[in-house]
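Asker:
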Amino acid sequence: MTGSSTDAERNSPLPPGRQERIPLAILYMVSAGAIFSFSSAASKWLVATYPPGEVLFSRVFVSLVLFSAFALPTTGLSVLHTRRHGAHMLRSMSQFTSQTLLLIAFSMMPLASATAINFPAPLFAALASLIFLKEPINAPRLFALVAGFFGVLIVTNPGGETFQIGALYALGNALLFGTVTAGVRGMTMTESAKTLTMYQLIWLTIFYGMTLPFFFVTPAWSDMPLIIANGVTNMLGQYWWTRSIHLAPTAAVTPFQYLSLLWAMLFGFAVWGDVPTVGLLLGSVIVVGSGLFLLWHESRPKFPKLDPPQ
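Residue 64 in our numbering sits at position 63 of the sequence shown; the count goes up by one each step and never skips.
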């Protein structure tokens, strides 16, 4: 895993104070998007053989085992210390639903198209953060959000053949994921990134495990490497994504989720032969451009305003 925790985070169950480190947060978000794209491709491949609940259970269970092996030696049982058990459970219930909807969408349509339709999530997240957390959306962040969303509209071509039943599942995931993002940002005031990730993986393992008695196919040994790799990449992606939300305002980092569209196109072409359309390519240019603009803006040194001389 990239980055190292501070001494305060290692030794305290709760963060001593949330720090704003936007360039590092952007790096975490870009890295999470890239590795999530591999996990999405692996899940799309596996769901052709196994029920969605089983695919998602194996993914989060492997992630939980590996993350526990990382977090417990460095923090001990203090990583489980929280006064917000209800919030953790509600967040995980929402993610249980949103991840299920997205995986169903992956099973019904090309990976890049389903990924792109999911991209209103940053806009929903920024709006939810504005309403519930009172986080301001300045002009550059708003421009990046709107431009990125416009690029997504070009990709999805609403009313065209891309917009099918699978698109409704992807849009449902986008709405839920956007509100989850804002909720996680609010929880970072009292919860460390490790605590947030640990409880998410615990609850999702429980929820998806409850589906196994009803829908289960015995895994083939030949699929085990991909199943494990899916869990490993999901674990890294979840932690990096949580660290990103921990280190920066929602509107400053969520537009960088758009960059995962490039990886989705590459995986879709390499594995399933999905040829990118003109709309997909044009929309991707706009999406990436909006992200690069925001990276430039957020990385600039901020100088305090000086009062004019009297």
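Yeah, the Cβ is synthetic: ideal placement off N, Cα and C, and Gly gets one too. Just so you know, these numbers come straight off a predicted model, no measurement behind them.
Along the chain, which unbroken stretches of the alpha helix (DSSP H) at least 4 residues long are found entirely within the stretch 136-184?
Answerer: 140-157
Asker: For residue 262 and residue 84, what's the separation of their Cα atoms in angstroms?
Answerer: 37 Å
Asker: Provide the residue span of the alpha helix (DSSP H) that contains residue 235, from first to last.
Answerer: Where residue 235 is concerned, the enclosing alpha helix (DSSP H) stretches over 225-248.
Asker: Can you list the alpha helix (DSSP H) stretches of 4 or more residues lying completely in the stretch 12-61, in chain order?
Answerer: 23-47
Asker: What residue range does the alpha helix (DSSP H) around residue 94 cover?
Answerer: Here the alpha helix (DSSP H) through residue 94 covers 86-109.
Asker: With 16 other CB atoms within 10 Å as the buried threshold, where does residue 276 fall?
Answerer: exposed
Asker: From residue 297 to residue 143, what does the alpha carbon distance come to, in whole angstroms?
Answerer: Rounded to the nearest angstrom, the two C-alpha atoms are 15 Å apart.
Asker: Thinking just about the alpha-carbon of each residue, which of 213, 169, 174, 38 is nearest to the one in residue 98?
Answerer: 174
Asker: What's the call for residue 133, buried or exposed, on a 16-neighbour Cβ count within 10 Å?
Answerer: exposed
Asker: Taking just the CA atoms, how far does residue 63 sit from residue 291?
Answerer: 35 Å
Asker: Got a sec? Which residues, its chain only, sit under 6 Å from residue 107 by beta carbon, not counting five neighbours each side?
Answerer: 45, 115
Asker: For residue 69, which three-state DSSP category applies?
Answerer: helix
Asker: Report the rounded CA-to-CA distance for residue 200 versus residue 89, giving the unit in angstroms.
Answerer: Residue 89 has its alpha-carbon roughly 6 Å from the corresponding atom of residue 200.
Asker: Measuring CB atoms only, is the stretch 75-82 touching the stretch 193-210, in the sense that at least three cross pairs come out at less than 8 Å?
Answerer: yes
Asker: Taking just the CA atoms, how far does residue 33 sit from residue 1?
Answerer: The question about residue 1 has no answer here: the residues shown for the chain are numbered 2 through 311.
Asker: Going by the CB atoms, is the gap between residue 179 and residue 145 shorter than 8 Å?
Answerer: no
Asker: Which first and last residues belong to the alpha helix (DSSP H) in which residue 203 is found?
Answerer: 194-210
Asker: Buried or exposed for residue 273, going by 16 or more other Cβ atoms inside 10 Å?
Answerer: exposed
Asker: What's the gap between the Cα of residue 176 and the Cα of residue 122?
Answerer: 6 Å
Asker: Just checking, does the stretch 42-56 make contact with the stretch 249-262 on the three C-beta pairs under 8 Å criterion?
Answerer: no
Asker: Where do the ends of the alpha helix (DSSP H) carrying residue 114 lie?
Answerer: 112-118
Asker: Quick one: any contact between the stretch 207-221 and the stretch 263-272, if contact means 3 or more CB pairs under 8 Å?
Answerer: no
Asker: For residue 93, which residues from the same chain have a beta carbon less than 6 Å from its beta carbon, with the 5 sequence-adjacent residues on both sides left out?
Answerer: Within the same chain, 201, 204, 205 come within 6 Å of residue 93 by CB-CB distance, once the 5 residues on both sides are set aside.
Asker: Tell me the rounded alpha-carbon separation between residue 55 and residue 219.
Answerer: 10 Å
Asker: Roughly how many angstroms separate the alpha carbons of residue 217 and residue 299, rounded to a whole number?
Answerer: 47 Å
Asker: Give the straight-line distance between the Cα atoms of residue 154 and residue 24, rounded to the nearest whole angstrom.
Answerer: 27 Å
Asker: Are residue 235 and residue 40 touching if we call contact CB-CB under 8 Å?
Answerer: yes
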